[in-house]
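> Residue numbers for the sequence shown, in this note's numbering: 120 to 552.
Note that beta-carbon positions come from the ideal geometry of N, C-alpha and C, so glycine has one too.
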Amino acid sequence: MKTFHITWLTFFFCFFAWFGMAPLMKIAREQLHLTKDQVGNIQIASVSATIIARLLIGRLVDKFGPKLIYTWLLVLCAIPVLLIGTSQSYTSFLLFRLAIGVIGASFVITQFHTSIMFAPGIKGTANATAGGFGNAGGGAANLFMPLIASGFTALGFCSAADSWRFAMIFPGVMLLLCAFLYHRYTLDSPQGDFKDLNKEGIKSSRNTFMIAAKDYRTWILTIAYAACFGVEITVDNFAPIFFTDSFGATIAVAGMVAGIFGWINVFARPLGGIVADKIGKTYGFNGKTLLLAVLLLIEGFGIIWFAKSGSIGMCIFMMFLFGLSLKMANGATYSLVPFINPLAVGSVAGIVGAGGNIGAMLIAYMFKVKAVHAVKDFTENGLTVQKDLIDYTGAFTLLGFIILGVGLAVFIFRTVMAQKRSGMEELVLSTGN
Numbered sequence: 120m121k122t123f124h125i126t127w128l129t130f131f132f133c134f135f136a137w138f139g140m141a142p143l144m145k146i147a148r149e150q151l152h153l154t155k156d157q158v159g160n161i162q163i164a165s166v167s168a169t170i171i172a173r174l175l176i177g178r179l180v181d182k183f184g185p186k187l188i189y190t191w192l193l194v195l196c197a198i199p200v201l202l203i204g205t206s207q208s209y210t211s212f213l214l215f216r217l218a219i220g221v222i223g224a225s226f227v228i229t230q231f232h233t234s235i236m237f238a239p240g241i242k243g244t245a246n247a248t249a250g251g252f253g254n255a256g257g258g259a260a261n262l263f264m265p266l267i268a269s270g271f272t273a274l275g276f277c278s279a280a281d282s283w284r285f286a287m288i289f290p291g292v293m294l295l296l297c298a299f300l301y302h303r304y305t306l307d308s309p310q311g312d313f314k315d316l317n318k319e320g321i322k323s324s325r326n327t328f329m330i331a332a333k334d335y336r337t338w339i340l341t342i343a344y345a346a347c348f349g350v351e352i353t354v355d356n357f358a359p360i361f362f363t364d365s366f367g368a369t370i371a372v373a374g375m376v377a378g379i380f381g382w383i384n385v386f387a388r389p390l391g392g393i394v395a396d397k398i399g400k401t402y403g404f405n406g407k408t409l410l411l412a413v414l415l416l417i418e419g420f421g422i423i424w425f426a427k428s429g430s431i432g433m434c435i436f437m438m439f440l441f442g443l444s445l446k447m448a449n450g451a452t453y454s455l456v457p458f459i460n461p462l463a464v465g466s467v468a469g470i471v472g473a474g475g476n477i478g479a480m481l482i483a484y485m486f487k488v489k490a491v492h493a494v495k496d497f498t499e500n501g502l503t504v505q506k507d508l509i510d511y512t513g514a515f516t517l518l519g520f521i522i523l524g525v526g527l528a529v530f531i532f533r534t535v536m537a538q539k540r541s542g543m544e545e546l547v548l549s550t551g552n
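1) So, does the segment 210-221 touch the segment 356-368, judging by three or more C-beta pairs under 8 Å?
2) With Y85 and A490 assumed to form a contact (beta carbons below 8 Å), what rounded beta-carbon distance in angstroms separates them?
3) Pull up the DSSP beta-bridge partners for I509, would you.
4) Which two residues bound the contiguous alpha helix (DSSP H) that contains K333?
5) In this structure, how does DSSP classify S308 when only helix, strand and coil are distinguished?
6) Rounded to whole angstroms, what is the Cα-Cα separation between G406 and A395?
7) Taking only beta-carbon atoms, is L143 less than 9 Å away from chain E?
8) Should D156 go down as buried or exposed, given a rule of 16 or more other Cβ atoms within 10 Å for buried?
9) How many Å lie between A345 and A479 at the Cα?
10) Flag this pair as touching only if the segment 464-473 and the segment 386-400 have three or more C-beta atom pairs under 8 Å; answer yes or no.
11) Would you call E418 buried or exposed, if buried means 16 or more other Cβ atoms sit within 10 Å of its Cβ?
12) Using the Cα positions of T129 and F532, report the straight-line distance between them to the nearest angstrom.
13) Apart from the five residues on each side of it in sequence, which residues of its chain come closer than 6 Å, Cβ to Cβ, to G450?
14) Spell out a yes or no on whether the segment 292-309 and the segment 124-141 are touching, meaning 3 or more CB-CB pairs, one atom from each, closer than 8 Å.
15) Among L262, N261, F285 and A168, which residue has its Cα nearest to the Cα of T272?
16) Out of R148, P457, L518 and L508, state which residue places its alpha-carbon closest to the alpha-carbon of F486.
17) Return the Cβ separation of N356 and K446 in integer angstroms, given the expectation that the two are a contact with Cβ distance under 8 Å.
18) Under the three-state reduction of DSSP, which class applies to D281: helix, strand or coil?
19) With respect to the alpha helix (DSSP H) encompassing L411, which residues constitute its N-terminal and C-terminal limits?
20) When DSSP labels each residue in this structure, what does N460 get in the three-state scheme?
21) How many whole angstroms separate the CB atoms of R173 and G223, which I take to be in contact at a CB cut-off of 8 Å?
22) If L202 sits next to N160, beta carbons under 8 Å apart, how far is it from one beta carbon to the other, in whole angstroms?
23) Kindly list the residues whose CB is nearer than 7 Å to the CB of I267, restricted to its own chain and excluding five residues on each side of it in sequence; keep chain order.
24) Give me the Cα-Cα distance between N476 and F134, rounded to the nearest whole angstrom.
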């Protein structure tokens with residue numbers, strides 16, 4: 120349990136650091152004079168580096184254990200988090216944002232660590248709880264980073280325009296603190312650290328990545344995770360801008376509203392894992408897959424309604440609704456991951472996790488293409504000021520229909536495979552083999 124609590128807390132601050140810039144993008148955008156396309160490229164960069172990182176980390180954690188790999192990941196990723204505030208141009212900001220995206224690979228280590236620490240009957244609950252508590256870091260960043268930035272300004276350390284630069288120091292320091300705690304107080308497994316198990320010849324040296332890649336179920340879960348976690352990252356990145364530019368909300372209010380979406384993780388993702396475990400005890404793998412399909416369908420309808428709401432009140436309500444199903448789908452997906460192949464838990468978690476970021480990257484590209492540039496007049500201090508705005512309504516609507524398609528695909532796949540399995544069982548019974 121000590122390892123469990125340190126793991127989710129570390130993951131929490133990884134997500135906090137990863138999305139720390141999201142609620143401050145409006146300030147950075149204005150100071151660095153970023154265009155709509157440049158903002159889109161930055162959002163794509165923030166999730167694209169994680170794809171390769173998750174694939175690599177999955178294999179490394181299978182071989183070297185979570186403690187060593189997590190410690191190095193935290194130390195290395197703290198560097199761009201601390202230094203992004205020195206950016207003076209679009210190019211440097213983009214490169215730092217790309218480097219920070221590597222911290223998203225922390226999710227793979229978290230899911231691996233909780234998978235091997237708990238018994239099969241509660242792996243889904245343990246994975247979903249650790250993931251949910253950790254993912255809440257994205258919501259916490261949306262809520263607290265504007266306050267931290269304002270605090271630096273109020274204390275006289277910087278101007279409001281430079282506040283985003285100073286605010287990013289906080290998550291960088293927290294990553295270094297978590298690196299110390301993780302290395303000092305956790306074990307790789309209930310049996311001990313991997314370096315000791317390797318000496319005793321207990322740990323397997325098989326190519327776990329190939330084991331995971333050859334199982335078609337790994338790729339079904341990869342697509343499903345792209346449709347739930349990929350959307351979560353998208354909302355974490357784009358929701359603050361959506362609320363400021365579509366409804367005229369202030370940065371603080373937009374961050375607080377978007378933070379609601381992140382905080383749903385505290386109970387929604389664990390709920391998905393708990394429900395999946397209960398269904399799994401009665402209906403097995405197929406029952407969990409059916410749950411995942413239903414949750415994706417609800418998510419798709421919710422996103423479409425969210426985009427079409429037209430009022431900030433209805434948008435908040437619908438964001439809560441589709442956020443609930445989305446995060447439960449995250450938990451349901453990773454309740455299935457540990458059972459694909461016990462010999463390759465890290466690699467399966469890495470491939471599926473990378474799928475989430477591939478989805479996020481593709482969605483971010485779609486948002487860049489579908490975004491509509493607009494200019495609107497605002498009155499500030501008695502003066503009329505023109506401001507550039509970005510409208511993502513069409514992008515969110517299209518996204519909802521795509522998720523509906525994925526939900527239907529998972530449902531059809533589950534139904535077909537269940538029928539095939541039933542037919543095979545009848546054949547075995549009739550032949551006596």
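On the basis of the supplied data:
1) In this structure the segment 210-221 does not touch the segment 356-368; the number of beta carbon pairs closer than 8 Å is below three.
2) The shown model of the chain, from 120 to 552, leaves out residue 85, and the question about it has no answer.
3) In the DSSP output, where bridge partners are listed per residue, I509 has H492.
4) Following the DSSP letters along the chain, one finds K333 in no alpha helix (DSSP H), marked with neither H nor E.
5) Reduced to three states, the DSSP call for S308 is strand.
6) If you draw a straight line from the Cα of G406 to the Cα of A395, it comes to about 8 Å.
7) Note that chain E does not occur in the displayed structure, where there is just one protein chain.
8) So D156 counts as exposed.
9) Rounded to whole angstroms, A345 to A479 spans 7 Å at the Cα level.
10) Short answer: they don't touch.
11) It is buried - the Cβ of E418 has at least 16 other Cβ atoms within 10 Å.
12) Rounded to whole angstroms, T129 to F532 spans 36 Å at the Cα level.
13) Excluding sequence positions up to five before and after G450, its CB lies within less than 6 Å of the CB of A247, R388, G391 and G392, all in the same chain and listed in chain order.
14) These segments touch.
15) Considering only alpha carbons, the answer is F285.
16) The residue with the shortest Cα to Cα distance from F486 is L518.
17) About 16 Å separates the two Cβ atoms, so there is no contact after all.
18) Residue state, collapsed to three classes: coil.
19) Here the alpha helix (DSSP H) through L411 covers N384 to K427.
20) N460: coil per DSSP, three-state reduction.
21) So it is a contact: roughly 7 Å between Cβ atoms.
22) About 19 Å; that fails the 8 Å criterion.
23) Taking I267 as the centre and dropping the five residues before and after it, the same chain places the C-beta of A286 and F289 closer than 7 Å to its C-beta, in chain order.
24) Distance between the alpha carbons of N476 and F134 is about 13 Å.
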